[in-house]
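Residue numbers (full-length UniProt numbering): 1 to 430. Every residue gets a Cβ at the ideal spot worked out from N, C-alpha and C, and that includes glycine.
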Amino acid sequence: MNKRELLRLSWENLWRMKFRTILTIIGVVIGTASIIVMVSIGNGAQKSITDELSGIGSVTTIQVYQNIASTGMTMLAGGKTDDKPILNNDALKELKKIDGVVAVTPVVNLSSATIEFNRDQYGVSLMGVDYDVMNDMRYNTTSGKKPGANDRNSVILGKDVLSSYTISSAGAQAQKSLVTPEDLIGKNISLVITKTNADGEDETRTEKVKVTGVLEATGGSEDRSIIADYNLVTELNEWQTGVKANVKKKGYSEALVTVEDSSVVNTVTAEIEDLNFTVFSMQQILDSMGSVFQMLQILLGGIGGVALLVACIGIVNTMTMSIYERTKEIGIMKVIGASISDIRNMFIAESTMIGLIGGIVGVIISFLLSILINLVAGLFIAKGSMTISYITPGLVIFALVFSAIVGLLSGVRPAIKAANLSSLDAIRSE
């Protein structure tokens, strides 16, 4: 019996008992849809959180700090703190040599500053970076432009730099300012730094700077900071604290490393850690979250798989009943020349068809359920578009293949039983 004839005969046999076959298929549909919807909810949660975290700072930016833990262990062991790696200019040169790195800049922060514009004052933080590599960093402006390498007295503003916050029972609430960062583009503003001198009196220092642009939202501290030239912020820091920065011996407090793309972040991170520096990147969080969500998807898929297991039992029952009903027919087929393999393959084909049909219908229903879940979530949770359920092409392919395999395996034992029936006993059966 050729394959085409075998499939045609299996299809016709499948629909002899339409109601029973439909009920069995419904079981597979429920199992397949349960797996897809359960896993898609895990996918949706992962996608939502990953997209959210990806917006908090660039995933291509790595923050590097001196290894504080290493310093502590060295001191406990009675060693010299000079033995620890120092994040100085030599270290920055080594970081720049790593494959995939496009820019390295030291970072210095000054948190207690004030800007004055049109007699209004706003408390701000300053973040100093190396303007020589500004164009290679993942900083983009929504308005205006980035300062040039020699624009010591030019700055760019974070999008929330002029916002103030009030604390209430509902949490921190942003208060809108009458002046927006975009209003200051091209304008000169005054940076005012205050310190308390040895006599306990307040002293102020004012620096005139020009705003060249507004930084695109990063979700990080840059949104609430003024990005300024590293040398200018360092000078202001030294004036405020009265302590001169000793980069050669003490190193920088922080450095930012920008890489080509997210695919090399983990490789670059590993190489920096080999230099015994402490490293932080958004990619590390995303990788950790990925592992957690992978376990969640397995758990949810397992819960949905229980329904498919029940469907598997239903297929076995259906095929077994079919053998009892067609015992005489099987005997006649053997007498007229059907081989044992033909009989076995016919029943396996029938069970596989049940699994595949149930899988296809289950996929269609799962897409409809996914749309409904996202619609309801958007109406009642996010008051708009929201992704709670996210079905990937890989999940669809897996569900179809898995349901077909479940159908195939469910039909193996009944098929072997049918193939091993005695021809004479089968013909004599009523």
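Asked                                                                                                                                                                                          : Found
With DSSP as the reference, identify every bridge partner of glutamine 240, one or two as the case may be.                                                                                     : Partner(s): none; glutamine 240 has no beta bridge.
So for tryptophan 15, helix, strand or coil by DSSP?                                                                                                                                           : coil
Indicate whether threonine 61 and aspartate 261 have their beta-carbon atoms separated by less than 9 Å.                                                                                       : no
Near glutamate 203, what residues of its chain come up, given a Cβ to Cβ distance below 8 Å and the 5 sequence neighbours on each side ignored?                                                : Thr194, Lys195, Thr196 and Asn197
For the candidate residues Gln63, Ala255, Ile36 and Arg119, whose alpha-carbon lies nearest to that of serine 281?                                                                             : Gln63
Helix, strand or coil: which one does DSSP assign to lysine 249?                                                                                                                               : helix
On the premise that phenylalanine 347 lies in contact with glycine 411, defined as a C-beta separation below 8 Å, what is that separation, rounded to the nearest angstrom?                    : 5 Å
Just verifying my parser: in three-state terms, what is the DSSP assignment at leucine 379?                                                                                                    : helix
Which residue wins for smallest C-alpha separation from isoleucine 272, given the options Ser370, Glu94 and Val306?                                                                            : Glu94
For the alpha helix (DSSP H) containing proline 393, name the first residue and the last one.                                                                                                  : 393–419
Would you please state the rounded distance, in angstroms, between the beta carbons of valine 146 and glycine 44? I believe it to be under 8 Å.                                                : Correcting the residue type first, residue 146 is lysine in the shown sequence and not valine. The Cβ separation is near 37 Å, so there is no contact.
Please work out which residues of its chain come closer than 6 Å, Cβ to Cβ, to glutamine 121, disregarding the five sequence neighbours upstream and downstream, and give them in chain order. : Thr114
Quick one: complete beta strand (DSSP E) runs, 3+ long, within the segment 315–377?                                                                                                            : none
Residues in its own chain within less than 7 Å of phenylalanine 293 by CB, not counting five upstream and five downstream?                                                                     : Gly42, Ala45 and Gln46
For the alpha helix (DSSP H) that lysine 145 lies in, which residues bound it at each end?                                                                                                     : Lysine 145 -> no alpha helix (DSSP H), and no H or E assigned at all.
Would you check if the distance between the CB atom of threonine 32 and the CB atom of leucine 308 is smaller than 9 Å?                                                                        : yes
Check isoleucine 226 in the structure and name its three-state DSSP category.                                                                                                                  : strand
Using three-state DSSP, classify threonine 196 as helix, strand or coil.                                                                                                                       : strand
May I have the straight-line CA-CA distance separating alanine 377 from serine 370, to the nearest angstrom?                                                                                   : 11 Å
Assign isoleucine 156 to one of two classes, buried (16 or more other C-beta atoms within 10 Å of its C-beta) or exposed (fewer than that).                                                    : buried
Between isoleucine 330 and leucine 421, is the Cβ-Cβ spacing less than 9 Å?                                                                                                                    : yes
Just verifying my parser: in three-state terms, what is the DSSP assignment at valine 39?                                                                                                      : helix
Ends of the alpha helix (DSSP H) at glutamate 273?                                                                                                                                             : 265–274
Which two residues bound the contiguous beta strand (DSSP E) that contains leucine 157?                                                                                                        : 154–157
Between which residues of its own chain and serine 169 is the CB-CB distance below 8 Å, once the five residues before and five after are set aside?                                            : For serine 169, the predicted structure reports a pLDDT of 45, less than 50, and the residue's modelled location is therefore unreliable. A value from the coordinates is still provided. Nothing listed; no residue qualifies.
Taking the C-alpha atoms as reference points, what is the distance between threonine 218 and leucine 286?                                                                                      : 16 Å
Quick one: grab the DSSP three-state call for glycine 100.                                                                                                                                     : coil
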